[in-house]
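This report refers to the structure that appears directly beneath it.
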Amino acid sequence: GLPKAARVSHLKSIMCLSFYELVGASSRDVVYLALPLYHMAGSLLGIVGCLGIGERGWGPGGIPGMFRGLIPLLCPAGATCVLKEKFSASQFWDDCRAEGITVFQYIGELCRYLVNQPQRPGERQHGLRLAVGSGLRPDVWQSFQQRFGPVRIVETYGMSEGNVTLFNYTG
């Protein structure tokens, strides 16, 4: 439906800092984001999630014990986020190769658009290792992996105004 305002608490916004780490991303990843930033999936999970990845400069001993919970919130290493103004299924794999994309945040229809594109040479020559999002139909999930290679897919579900989020780690 049409965009609607939703009340999002400060705590929920802070919790979005850990989104990409929960699904297996790291500060070495490059995240492809073509979702609208007026939506929670694009802004809080996408942008804030990239900002919240990793620890910065604490060396082999890690973060000192009494600061372990606080420092990652204040000094995350972050990950690179490639923002696309508009999703293009025909340009997606070229973008992935050109930008070194390793993580793709989707809504289910974006994967269907990719699967429905005419086959092209080099569709499996990419660095994409993780796709994370919501609304991916089982048939599209299977077709996506068969066609584009062993990309790990993590399906999530959480409502902006809700207080529970679900993750499907196993497929």
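Sequential numbering of the sequence shown, starting at 1, is according to full-length UniProt numbering.
Even glycine gets a Cβ: it sits at the ideal position worked out from N, Cα and C.
Given the structure is predicted, the values throughout are model-derived calculations rather than measurements.
DSSP three-state label for residue i, please.
i: Ser134; result: strand
i: Val48; result: helix
i: Arg152; result: strand
i: Ser43; result: helix
i: Arg120; result: coil
i: Tyr38; result: coil
i: Pro60; result: Note that Pro60 scores 46 on pLDDT, short of 50, meaning its location in the model is unreliable; the coordinates nonetheless yield the value given after this. It is coil, neither helix nor strand.
i: Ser143; result: helix
i: Leu110; result: helix
i: Leu2; result: coil
i: Val8; result: coil
Have a look at the DSSP bridge pairing and note the partners of residue i.
i: Phe104; result: Tyr32 and Ala131
i: Val82; result: Tyr32
i: Asn168; result: Glu155
Could you tell me the alpha carbon to alpha carbon distance between residue i and residue j, rounded to whole angstroms?
i: Gln119; j: Leu11; result: 44 angstroms
i: Phe19; j: Gly52; result: 8 angstroms
i: Asp29; j: Val82; result: 11 angstroms
i: residue 178; j: Gly135; result: For residue 178 there is no data in the structure shown, the boundaries of the chain being 1 and 171.
i: Ala41; j: Ile14; result: 14 angstroms
i: Arg137; j: Arg147; result: 15 angstroms
i: Trp141; j: Cys111; result: 8 angstroms
i: Ser9; j: Ser88; result: 33 angstroms
i: Gly49; j: Asp95; result: 21 angstroms
i: Tyr113; j: Val23; result: 23 angstroms
i: Leu128; j: Gly100; result: 8 angstroms
i: Asn116; j: His39; result: 25 angstroms
Here's the rule I'm using: 16 or more other beta-carbon atoms within 10 Å means buried, otherwise exposed. How should residue i be labelled?
i: Tyr32; result: buried
i: Glu155; result: buried
i: Gln91; result: exposed
i: Gly122; result: exposed
i: Leu2; result: exposed
i: Gln105; result: buried
i: Gly46; result: buried
i: Leu37; result: exposed
i: Ala5; result: exposed
i: Gly133; result: buried
i: Ala131; result: buried
Start and end of the alpha helix (DSSP H) containing residue i?
i: Leu17; result: Segment: none, Leu17 is in no alpha helix (DSSP H) and carries neither H nor E.
i: Phe92; result: Phe92 to Glu99
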